[in-house]
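Note sheet for the following structure.
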Amino acid sequence: MNPNELRTVTVTRYITPLREGGSLPALAEADDDFKYVLKFKGAGHGGKALIAELLGGEIARALGFKVPELVFANLHEAFGRTEGDEEIQDLLKASQGLNLALHFLSGAINFDPVVTKVDPLLASKIVWLDAFITNVDRSYRNTNMLIWHKELWLIDHGASFYFHHSWTNMEKSAKTPFNLIKDHVLLPQASKLEEVNRECKAILTEEKIRNIVNLIPVEWLEWEGAEESPEEIRETYARFLLIRLENSEVFIKEAKNAR
Numbered sequence: 001m002n003p004n005e006l007r008t009v010t011v012t013r014y015i016t017p018l019r020e021g022g023s024l025p026a027l028a029e030a031d032d033d034f035k036y037v038l039k040f041k042g043a044g045h046g047g048k049a050l051i052a053e054l055l056g057g058e059i060a061r062a063l064g065f066k067v068p069e070l071v072f073a074n075l076h077e078a079f080g081r082t083e084g085d086e087e088i089q090d091l092l093k094a095s096q097g098l099n100l101a102l103h104f105l106s107g108a109i110n111f112d113p114v115v116t117k118v119d120p121l122l123a124s125k126i127v128w129l130d131a132f133i134t135n136v137d138r139s140y141r142n143t144n145m146l147i148w149h150k151e152l153w154l155i156d157h158g159a160s161f162y163f164h165h166s167w168t169n170m171e172k173s174a175k176t177p178f179n180l181i182k183d184h185v186l187l188p189q190a191s192k193l194e195e196v197n198r199e200c201k202a203i204l205t206e207e208k209i210r211n212i213v214n215l216i217p218v219e220w221l222e223w224e225g226a227e228e229s230p231e232e233i234r235e236t237y238a239r240f241l242l243i244r245l246e247n248s249e250v251f252i253k254e255a256k257n258a259r
């Protein structure tokens, strides 16, 4: 059994959409009586956004960050038939089957870089993570971090791994310096990048990376028009991460120059 195994829940109640925009995540309740932030495979970038969310979140957890529990969330065929909003009803219909959900941190507040100072080691580690997974979405405009019980939590990694939207020349993509790191909200504090580079590379063994990649459900990998099998697509993600890890000095140098 994969030690990273995720629980699977069944969504029982759609409570409310969480924000405007293409992906329309929702607050929902599941059959374990917990509330979740539900991400739909029928939204925006579909399964690829869920893959990025899953890989990014579990890599962050492996590195020791606080990340809300991720679970697979089943949406049954009959779910949402009574939903009055047509757009939401279409979204629910397109998302039947397996989706992804994050445990809802009730009472959490958005991270504000003006109010909360992050120490250089933690800031460096978060910058390293986002450069590694090519996460374009941890800027001043959208920090995608929460403060919950006075601790920093990382959320929303669905904009990572942007190479998979074009799915061409993976090896070249894996070796890119990731110049968008210049917009990272924590870059000014990230003065210990060399130190965390050594630490993170030691933690992320090939076995650990492959265990995380193997969590991707087959139904998220059955891409329309794809020539590769789900197993071959999984292997491409694993190779992307392993090549990127091997060439981490490329993105470390970029981040240091951007500072």
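Going by the UniProt record's numbering, the first residue of the sequence shown is number 1, and it counts up by one from there.
We put the beta carbon where it would ideally sit given N, CA and C, even for glycine.
Since the structure is predicted, the reported quantities are computational estimates derived from the model, not experimental observations.
field: Assigned exposure category for Ala202 - 16 Cβ within 10 Å defines buried
entry: exposed
- prompt: Which residues share a DSSP beta bridge with Ile109?
  reply: Ile147
Expected contact under 8 Å - CB spacing of Phe104 and Met145 to nearest Å: Going by Cβ atoms, the distance from Phe104 to Met145 rounds to 16 Å, so no, they are not a contact pair.
Classification of Glu11 by the beta-carbon crowding that lies within 10 angstroms, buried from 16 upward: Residue identity check: residue 11 is Val in the sequence provided, not Glu. Looking at its Cβ environment, which holds 16 or more other Cβ atoms inside 10 Å, Val11 is buried.
- prompt: Hey, how far is the Cα of Lys41 from the Cα of Gly107?
  reply: 26 Å
message: I need the straight-line Cα distance from Leu221 to Glu151, nearest angstrom please.
response: 35 Å
query: Closest by CA to Ile216, which one among Tyr14, Leu54, Asp32 and Arg7?
result: Leu54
query: Start and end of the beta strand (DSSP E) containing Glu29?
result: Ala26 to Ala30
- request: Just the C-alpha distance for Ile243 and Met170, rounded to the nearest angstrom, thanks.
  value: 10 Å
message: Buried or exposed for Ser124, going by 16 or more other Cβ atoms inside 10 Å?
response: buried
- prompt: Does the Cβ of Pro188 have 16 or more other Cβ atoms within 10 Å, making it buried, or fewer, making it exposed?
  reply: exposed
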